[in-house]
Amino acid sequence: MLNLRGIDLNLLAIFDALMVDENMTRAAERLGMSQPAMSAALQRLRLTFKDELFVRTRLGMISTPKAQAIYPQIRDALALIRSTLTQDQVFDPKSARRSFRLLGDNYFEAVALGPLLKRMLLAGSELRVEVLGFSGQNKELLAALRRIEIDVLIDYLPLQQDFICTEELGRERLVVIARQGHPRIEGSLSLPQYLAEEHVFLPLRSRERSQLEVALGGQSLKRKKAAQVQNFSSMLPVVASTDFLAVMPSRIQQLYAGAFDLQCFDFPLAIEPIPIWMMWPVALDGDSGQQWFRQQLRGLTVELLAEANSL
Numbered sequence: 005m006l007n008l009r010g011i012d013l014n015l016l017a018i019f020d021a022l023m024v025d026e027n028m029t030r031a032a033e034r035l036g037m038s039q040p041a042m043s044a045a046l047q048r049l050r051l052t053f054k055d056e057l058f059v060r061t062r063l064g065m066i067s068t069p070k071a072q073a074i075y076p077q078i079r080d081a082l083a084l085i086r087s088t089l090t091q092d093q094v095f096d097p098k099s100a101r102r103s104f105r106l107l108g109d110n111y112f113e114a115v116a117l118g119p120l121l122k123r124m125l126l127a128g129s130e131l132r133v134e135v136l137g138f139s140g141q142n143k144e145l146l147a148a149l150r151r152i153e154i155d156v157l158i159d160y161l162p163l164q165q166d167f168i169c170t171e172e173l174g175r176e177r178l179v180v181i182a183r184q185g186h187p188r189i190e191g192s193l194s195l196p197q198y199l200a201e202e203h204v205f206l207p208l209r210s211r212e213r214s215q216l217e218v219a220l221g222g223q224s225l226k227r228k229k230a231a232q233v234q235n236f237s238s239m240l241p242v243v244a245s246t247d248f249l250a251v252m253p254s255r256i257q258q259l260y261a262g263a264f265d266l267q268c269f270d271f272p273l274a275i276e277p278i279p280i281w282m283m284w285p286v287a288l289d290g291d292s293g294q295q296w297f298r299q300q301l302r303g304l305t306v307e308l309l310a311e312a313n314s315l
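If you're matching positions, the sequence shown starts at 5 in our numbering and goes up one per residue.
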């Protein structure tokens, strides 16, 4: 059994900084260390793990396969330690130096990311938000939350697991868009008209329901699929250039209304607004910084939905 008393656990924080910054000087500055001290720590890390860990190139420091293999476990362990040590501390955004990792789909990036980054910069100059790639596959989302690879997940489908905290932030209305000058649709939209036209779809998330099916309570409508795009933003130019219809959140349509010559209609059936869920690892629930970050997301959602409803 490995004797931890013979290992300097401070080296793990240095390893984490080198993995994040990929630069010896930046990592040393962030940790308040001198360049010689950082070089000496790297040598000790190499001896501890019996691997080079980082190789210098013209493009900076590149991590070795072993460094990449051990990093997820070290990162998660450090996150748990920080969470434990900060549970009773008050988070001060003005003096804190912290990066929050967030998973959000195209809706979040289009509607909320800009305002969130503005909020963060006003709150503290050393606060950052890292938006990670969103696969939309439940298996991968659950794994990211279980391994504490992210601070917060924003999605319209809640994940129910004992290691996840879940909270509804608000609800977003769905609308139908068509181009101005559509040969068959002008001024109003009935359900028969809607179903008679061809539509732009988003990819289904494995076997998960689409946003529209969620709003319809699980039932599906027989729509003619004309095209498929990867995100809501791509729907707008496609609809503006064709006679296809598309369904999207009202706020995205409002944001881009001036850029495209489009008509906007209420959905021709009574449907519920789409819920916006915030999820985070139970292990981070008591972390004061994480609590502050979640409060920013709550406040931002209230502002954005209030603004959307007033338009």
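Just so you know, even glycine gets a beta-carbon here, dropped at the ideal spot from N, CA and C.
Between the options, which lies nearest to residue i when the distance is taken from Cα to Cα?
i      : options                        : result
CYS268 : GLU276, VAL251, GLU171, SER237 : VAL251
ILE278 : ARG302, PHE95, GLY221          : GLY221
PRO207 : ARG48, ARG150, ASP109, MET28   : ASP109
ASN27  : LEU57, MET65, ARG105, GLN77    : MET65
ILE18  : GLU190, THR61, TYR160, ALA71   : ALA71
ILE256 : GLU134, TYR111, LYS143         : TYR111
VAL306 : ALA41, ASN142, GLU176, TYR75   : GLU176
GLU113 : PHE271, TRP296, PRO253, PHE167 : PRO253
Does any residue of chain C have a CB that is nearer than 8 Å to the CB of residue i?
i      : result
PHE236 : Going by chain labels, chain C is absent from the structure shown, which holds only one protein chain.
Determine the extent of the beta strand (DSSP E) in which residue i is found, giving its start and end residues.
i      : result
PRO253 : 250-253
PRO241 : Note, PRO241: premise wrong, no beta strand (DSSP E); alpha helix (DSSP H) at 236-245.
Please state whether DSSP places residue i in a helix, a strand or coil.
i      : result
ASP25  : helix
SER214 : coil
ILE154 : coil
ASP270 : strand
VAL180 : strand
ASP166 : coil
ALA147 : helix
LYS229 : strand
GLN206 : Note that residue 206 is Leu in the sequence shown, not Gln. Reduced to three states, the DSSP call for LEU206 is coil.
ILE66  : strand
ARG175 : strand
ARG34  : helix
ILE278 : strand
Under 8 Å by Cβ, that's how I've got residue i and residue j pegged, so tell me the actual separation to the nearest angstrom.
i      : j      : result
LEU120 : TRP281 : Contact flag wrong, Cβ pair sits at about 16 Å.
ALA4   : LEU240 : A question about residue 4 goes unanswered here, because the residues of the chain that appear run from 5 up to 315.
ASP155 : LEU106 : 6 Å
PHE248 : VAL180 : Not confirmed; about 11 Å, so no contact.
LEU178 : GLN215 : 7 Å
By the 10 Å Cβ neighbour count, where 16 or more other Cβ atoms means buried, how is residue i classified, buried or exposed?
i      : result
ASP96  : exposed
VAL59  : exposed
GLN223 : exposed
ILE152 : buried
Under DSSP, the alpha helix (DSSP H) around residue i begins and ends at which residues?
i      : result
ARG194 : In the sequence under discussion, the amino acid at residue 194 is Ser, which differs from the Arg named in the question. No alpha helix (DSSP H) contains SER194, which DSSP labels as neither H nor E.
LEU288 : No alpha helix (DSSP H) contains LEU288, which DSSP labels as neither H nor E.
SER43  : 39-53
LEU131 : Unbroken run through LEU131 is the beta strand (DSSP E), 131-136; no alpha helix (DSSP H).
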